[in-house]
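Numbered per this note's numbering, the sequence shown spans residues 107 to 228. Quick reminder that beta carbons are idealized off the backbone N, C-alpha and C, glycines included. Notes for the one structure printed next.
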Amino acid sequence: MNLRGIANSLTSTINPNVTGVFQVNTGFTTLPGGKRVPSFNSVDVTVQLQELSSTDLRQVDSVNIQGILRSAYLNGNFNGVNRPEQKGGDILMIGTEKWLVVKVPELWPDWCRVIINLQRSS
């Protein structure tokens, strides 16, 4: 049963989904001059953006994350920082806005909820 799909059919009538591109960090590429730049695999996603709950706000406040924060509900599994698997630094692009995944409070087999922090907006 796709529980997120059921919930999303209701929430998207009030708060429409947006499309974006999830950039999954795949490590670094070394340029000829020796400079290392991050490399990414891009995945097209449909996102349900919501404000943070009071519990989420307390959690990010306790680790001193500041700025414009949102919850993003996505199909698939994406990561914030996962040191044992050497993953992290994933980026969600929505239009011209660049959001960094800073926390994954919910991770299920077919969907996840990530907390994202606005990095850049044009």
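- Restricted to the stretch 194-218, the beta strand (DSSP E) segments that are unbroken, complete and at least 3 residues in length are 197-200 and 203-213, listed in chain order.
- For G111, the enclosing alpha helix (DSSP H) begins and ends at L109 to I120.
- Counting the other CB atoms within 10 Å of its CB gives W214 a total below 16, which places it among the exposed residues.
- When rounded, the separation of the alpha-carbon atoms in G201 and P138 is 31 angstroms.
- Just measuring C-alpha positions, the residue of A113, V208 and L116 sitting nearest Q172 is V208.
- Less than 8 angstroms separates the beta-carbon of Q154 from that of S118.
- A Cβ-Cβ distance of about 5 angstroms is found for the pair R176 and I222, placing them in contact under the 8 angstroms criterion.
- Spatial neighbours of V166 in its own chain (CB-CB distance under 8 angstroms, excluding positions within 5 residues in sequence) are listed in chain order as L158, L175, V208, K209 and I221.
- Counting along the chain, S145 sits inside no alpha helix (DSSP H); it lies in the beta strand (DSSP E) bounded by residues R142 to Q156.
- The Cβ atoms of F134 and L198 lie no closer than 8 angstroms to each other.
- By the beta-carbon neighbour count (other beta carbons within 10 angstroms, threshold 16), G140 is exposed.
- The three-state reading of DSSP puts Q172 in coil, since its state is none of H, G, I, E or B.
- At a Cβ-Cβ threshold of 8 angstroms, G195 and P144 count as neighbours.
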